[in-house]
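Everything below concerns the one structure shown next.
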Amino acid sequence: TTRTPAFLGLGINDKLLPTSTSQGDVIIGLIDTGVWPELKSFDDMGLDPVPSSWKGECEEGTNFKSSNCNRKLIGARFFCKGYEAILGPIDESTESKSPRDDDGHGTHTATTAAGSATTSANLFGYASGTARGMAPHARIAAYKACWLGGCFTSDILAAMEKAIDERVDILSMSIGGSISEYYRDTVAVGAFTAMKKGILVSCSAGNAGPDSGSLSNLAPWITTVGAGTIDRDFPAYVILGDGRNFTGASLYSGKPLPSKLLSLTYAGKASNMTSGSFCMTGSLNSEDVKGKIVVCDRGGNSRVQKGLVVRKAGGVGMILANTEAYGEELVADAHLIPAASLGLKGAEDIKKYISSGRKPTATIGFSGTELGVQPSPVVASFSSRGPNPLTPEILKPDLIAPGVNILAGWTGKVGPTGLDGDTRHVSFNIISGTSMSCPHLSGLAALVKASHPEWSPAAIKSALMTTAYTAYKNGKTIIDVATGLPSTPFDYGAGHVDPIAALDPGLVYDATVKDYVDFLCALNYSSDQIKHTTAEEYSCSSSKTYKLGDLNYPSFAVTLETTPENQDRKAMSTMKYTRTLTNVGRPATYKASVSTHTASLKVIVEPESLSFNTINEKKSFTVTVSADSMPSGTSSFAHLTWSDGKHTVTSPIAFTW
Amino acid sequence: KAENKHDQLERRTYIVHMDKSHMPASFEDHHEWYYSSLRSAADSAQMLYTYNSVIHGFSTRLTDEEATSLENQPGTLSLVPETRYELH
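Same order as they appear, the protein sequences are chains A and B. Positions 708 to 1364 (the working numbering) are the ones given, in order, by the first sequence. Positions 24 to 111 (the working numbering) are the ones given, in order, by the second sequence.
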């Protein structure tokens, strides 16, 4: 990717960063749509021989040879038996029965995680610079389990098993499905075995935001990644006939609109269909849009598809209007006609202007790439939000990473919009989603793993979470673009990843397989359900009291008593949590502090100070929360920080009633 | 194509979790045992994958009746219907 390494503070010469040799020992497996191996981002120049631990290989198939692998792309496989069983044999004239990526998504995620540095990367001149993965010397193994018709769990599970057996270190999965109990959740089950074998599993949180409780990939042994913006925009301008000017976003690169103002219309008024405002295929009346710029509402179909619908009906430009659900979030697309996306406020103003009936006119202009945009990051509107709909006692997402307008490698099979009619071939594309934030985190986890090969997946996750930041340099909380207001741990989890800080966290909240089994016991899982989840025999002790909140997790989610309806009297409830910190730094004394903005909440940490004398020394503490009862649905937040003056080890605390 | 369509209507893909501790001593290899369990519940069903580490079991396509029969076989922990995941 371009820009995100700098945005994340990954300077080339930072002395904390692992060497290229130690990075080269880390293997990132991605379960996705495959890989386009000819890209320069998979160049293996300067890489050491493949680690001797590696058991994988490059599987041959349609337009894919074992020679497509090298010291960067060290493994490539495909899994299609489940897909073919449902949809019939793969039509090899349209889809490669091989690890080759016909979609682009898998190539984008792989290069984001660990692509080699490639100069002069850009998409039609946008976002130009040197593109590199987060761990540019780490190895990539691509497991194709996602096809044009989707990703089926039998194939995903087979891919996970292979990746685990072949000894990847990090497993990156930018996919999600419906929520189910952990023992019926294929990715959760596969990730448990991966965790047991020391593999960190990083998954996308989902793009169902900003609705609350919209997350996927919820298991506590998974690292669940939401998405934020970076300090880069692709501004486009919509100028109205009355002189007003609105800033939007676009990656359009073709012939500009004529310099004169053009007639402007709203798709909802140029269609006889009830959902005409979305510019669905065949919905626009040619006589109403011919020669005009058309305002289309976001949603219903793909954003770039709307431009084609407008063009087919005779329109010459398109304004993609955000609705309430998208707020002010601007997602740039490589439209095939002059087009720009606009935030909710601007979109509403333009619709009012059109309704005013004074022969509305407009034009659209494009001004390339803007850097240094502030504030950044902001939480992406689409990023799925907490609370955790399955286990409210575990806070999810775990953290956020860059996921908006990310430039990374692309397939040679389809153009940047992915539309059939898009014949443009590009080596890089700019796309958005928690799919993009997940491999950022996977690559950063690879850096931590390279620096600390002995750390468990839980320790790596803890390092990434407890060093994440929640405020800008001016002290103000990271904004949620969906509302324009300060975001909360339900939006960003522990905060935005800060990889350099994560390399030296001071302390970690480690967790063992037994801790996760205890968590399953706390869920009251039967022995069969535990066996499902863990693929092993474990039993819960009848003499032990298991508590969900006692999982040694780097964040806290406190569920409290609600005030009964029609009762004014507030009852006080008290909850107690135990956590254990492991020293991974020098001997030091850490002091606890809690920041909370709600007077009715009391948080007591005991002891208030912990001294560590040796490496890997463990110390436990308790957090006691007392709170008045509140109406159901109320939430509040705090942060617990342990600091020795050099390190800050911070955990979010989310309270829900 | 017609066969596929028929198959689609009749069968669903399941991920079958097996309890290896229930494998009868007469089987030397758990694959054999999985295969035998599947055969006794569903004559013509094919295994898509066998899973050895991530879970113990296999995936296959079964009719409702076959699924019920397999579920009742000793050593079968559960049948989880396949779901479709999406790119994020």
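By construction, the Cβ of each residue, glycine as well, lies at the ideal position given by its N, Cα and C atoms.
Worksheet item: If we call anything under 8 angstroms between Cβ atoms a contact, is Ala898 of chain A one with Trp928 of chain A?
Response: Taking 8 angstroms as the cut-off, the beta carbon of Ala898 of chain A is found closer than this to the beta carbon of Trp928 of chain A.
Worksheet item: Sorted by chain position, which residues of the same chain lie with C-beta nearer than 8 angstroms to Ser1367 of chain A's C-beta, five sequence neighbours on each side aside?
Response: This structure leaves residue 1367 of chain A out entirely; chain A is present only between 708 and 1364.
Fill in: Length of the line joining the Cα atoms of Leu717 of chain A and Pro1206 of chain A
Their Cα atoms are separated by approximately 8 angstroms.
Practice prompt. For chain A, find out if any of its Cβ atoms is closer than 8 angstroms to the Cβ of Leu93 of chain B; answer yes or no.
Written response: Answer no: the Cβ-Cβ gap between Leu93 of chain B and chain A never drops below 8 angstroms.
Worksheet item: Under 8 angstroms, do Ser921 of chain A and His1042 of chain A count as touching if we go by C-beta distance?
Response: Taking 8 angstroms as the cut-off, the beta carbon of Ser921 of chain A is found no closer than this to the beta carbon of His1042 of chain A.
Discussion item. Can you check whether the C-beta of Gly741 of chain A is within less than 8 angstroms of a C-beta belonging to chain B?
Written reply: By this cut-off, Gly741 of chain A is not an interface position.
Worksheet item: Going by other Cβ atoms of all chains shown within 10 Å of its Cβ, with 16 needed for buried, is Ala25 of chain B buried or exposed?
Response: Here the model assigns Ala25 of chain B a pLDDT of 48, short of 50, so the residue's position is not dependable, and the following value carries that caveat. Result: exposed.
Worksheet item: Which chain A residues are close to Asp66 of chain B, counting only those with a beta carbon under 8 angstroms from its beta carbon?
Response: Result: empty, since nearest Cβ-Cβ is about 17 angstroms, beyond 8 angstroms.
Worksheet item: Would you say Cys1247 of chain A faces chain B, with C-beta separation under 8 angstroms as the test?
Response: Judged by the 8 angstroms Cβ criterion, Cys1247 of chain A is not in contact with chain B.
Discussion item. For Arg62 of chain B and Asp892 of chain A, what's the separation of their Cα atoms in angstroms?
Written reply: C-alpha of Arg62 of chain B to C-alpha of Asp892 of chain A: approximately 26 angstroms in a straight line.
Worksheet item: From this set, A:Leu1288, A:Val1310, A:Gly741, which residue's C-alpha is nearest Tyr1297 of chain A's C-alpha?
Response: Of A:Leu1288, A:Val1310, A:Gly741, the residue nearest in Cα terms is A:Leu1288.
Worksheet item: Does the separation of the CB atoms of Gly736 of chain A and Tyr889 of chain A fall below 8 angstroms?
Response: Going by C-beta atoms, Gly736 of chain A is not nearer than 8 angstroms to Tyr889 of chain A.
Worksheet item: Taking Cβ positions, are Gly1093 of chain A and Pro1082 of chain A nearer each other than 8 angstroms?
Response: Not in contact: Gly1093 of chain A and Pro1082 of chain A (Cβ atoms no closer than 8 angstroms).
Worksheet item: Should Glu109 of chain B be flagged as near chain A, meaning a C-beta pair shorter than 8 angstroms?
Response: Residue contact check for Glu109 of chain B against chain A: a CB pair falls below 8 angstroms.
Practice prompt. For Lys722 of chain A, count neighbouring Cβ atoms within 10 angstroms of its own Cβ and tell me buried if that reaches 16, exposed if not.
Written response: Lys722 of chain A counts as exposed, since fewer than 16 other beta carbons sit within 10 angstroms of its beta carbon.
Worksheet item: Could you check where the beta strand (DSSP E) with Glu1243 of chain A kicks off and where it finishes?
Response: No beta strand (DSSP E) holds Glu1243 of chain A; DSSP gives it neither H nor E.
Discussion item. Distance check for Thr1240 of chain A and Cys1228 of chain A, CA to CA, integer angstroms please.
Written reply: Taking the straight line from one Cα to the other gives about 12 angstroms.
Worksheet item: Shorter than 8 angstroms from the beta carbon of Tyr57 of chain B to some beta carbon of chain A?
Response: Chain A has no Cβ within less than 8 angstroms of the Cβ of Tyr57 of chain B.
Worksheet item: For the region 1308 to 1316 of chain A against the region 1350 to 1357 of chain A, are there 3 or more C-beta pairs whose distance is under 8 angstroms?
Response: Between the region 1308 to 1316 of chain A and the region 1350 to 1357 of chain A, the count of Cβ pairs shorter than 8 angstroms is below three; the stretches do not touch.
Worksheet entry | Start-to-end residues for the beta strand (DSSP E) that takes in Ser92 of chain B | Ser92 of chain B -> not in any beta strand (DSSP E); alpha helix (DSSP H) instead, spanning 87 to 94.
Discussion item. Tell me the DSSP secondary structure of Glu33 of chain B in three-state form.
Written reply: Helix at Glu33 of chain B.
Worksheet item: Can you tell me whether Lys804 of chain A is buried or exposed, with buried defined as 16 or more other CB within 10 angstroms of its CB?
Response: Sixteen is the threshold: when 16 or more other Cβ atoms of the shown chains lie within 10 Å of the Cβ of Lys804 of chain A, as they do, the residue is buried.
Worksheet item: DSSP state of Ser76 of chain B, grouped into three classes?
Response: Here Ser76 of chain B carries a coil assignment [DSSP, helix/strand/coil].
Practice prompt. Mind checking the region 837 to 868 of chain A against chain B and listing, in chain order, the residues whose C-beta falls within less than 9 angstroms of any C-beta there?
Written response: Residues of the region 837 to 868 of chain A with a Cβ closer than 9 angstroms to any Cβ of chain B, in chain order: Ala852, Cys853, Gly856, Gly857, Cys858, Phe859, Thr860, Ser861, Asp862, Ile863, Leu864, Ala865, Met867, Glu868.
Practice prompt. Under 8 angstroms by Cβ, that's how I've got Thr814 of chain A and Ala824 of chain A pegged, so tell me the actual separation to the nearest angstrom.
Written response: With 8 angstroms as the limit, Thr814 of chain A and Ala824 of chain A do not qualify as a contact, their Cβ atoms being about 16 angstroms apart.
Practice prompt. To the nearest angstrom, report how far apart Glu109 of chain B and Ser1048 of chain A are at their CA atoms.
Written response: Glu109 of chain B and Ser1048 of chain A: Cα-Cα distance of roughly 25 angstroms.
Discussion item. Between Arg35 of chain B and Cys858 of chain A, how many whole angstroms is the CB-CB distance? I'm expecting something under 8 angstroms.
Written reply: Beta-carbon to beta-carbon, Arg35 of chain B and Cys858 of chain A are separated by about 17 angstroms, too far to satisfy the 8 angstroms threshold.
Worksheet item: How far does the beta strand (DSSP E) with Cys787 of chain A in it reach, from first residue to last?
Response: Careful: Cys787 of chain A lies outside any beta strand (DSSP E) and carries neither H nor E.
Worksheet item: To the nearest whole angstrom, what separates the beta carbons of Leu1267 of chain A and Trp1364 of chain A, a pair I think is in contact under 8 angstroms?
Response: Indeed, because the Cβ distance is near 5 angstroms, the residues count as touching under 8 angstroms.
Worksheet item: Should Ala817 of chain A be listed as close to the ligand SAH, given that the test is whether its C-beta is under 7 angstroms from any heavy atom?
Response: You won't find the ligand SAH in this model; it holds no ligand whatsoever.
Worksheet item: When we look at the beta-carbon of Asn1029 of chain A and count the other beta-carbons within 10 Å, is it buried (16 or more) or exposed?
Response: Per the 10 Å Cβ criterion, buried.
Worksheet item: For Phe669 of chain A, does the three-state DSSP call read helix, strand or coil?
Response: Missing from the structure shown is residue 669 of chain A; chain A here goes from 708 to 1364 and no further.
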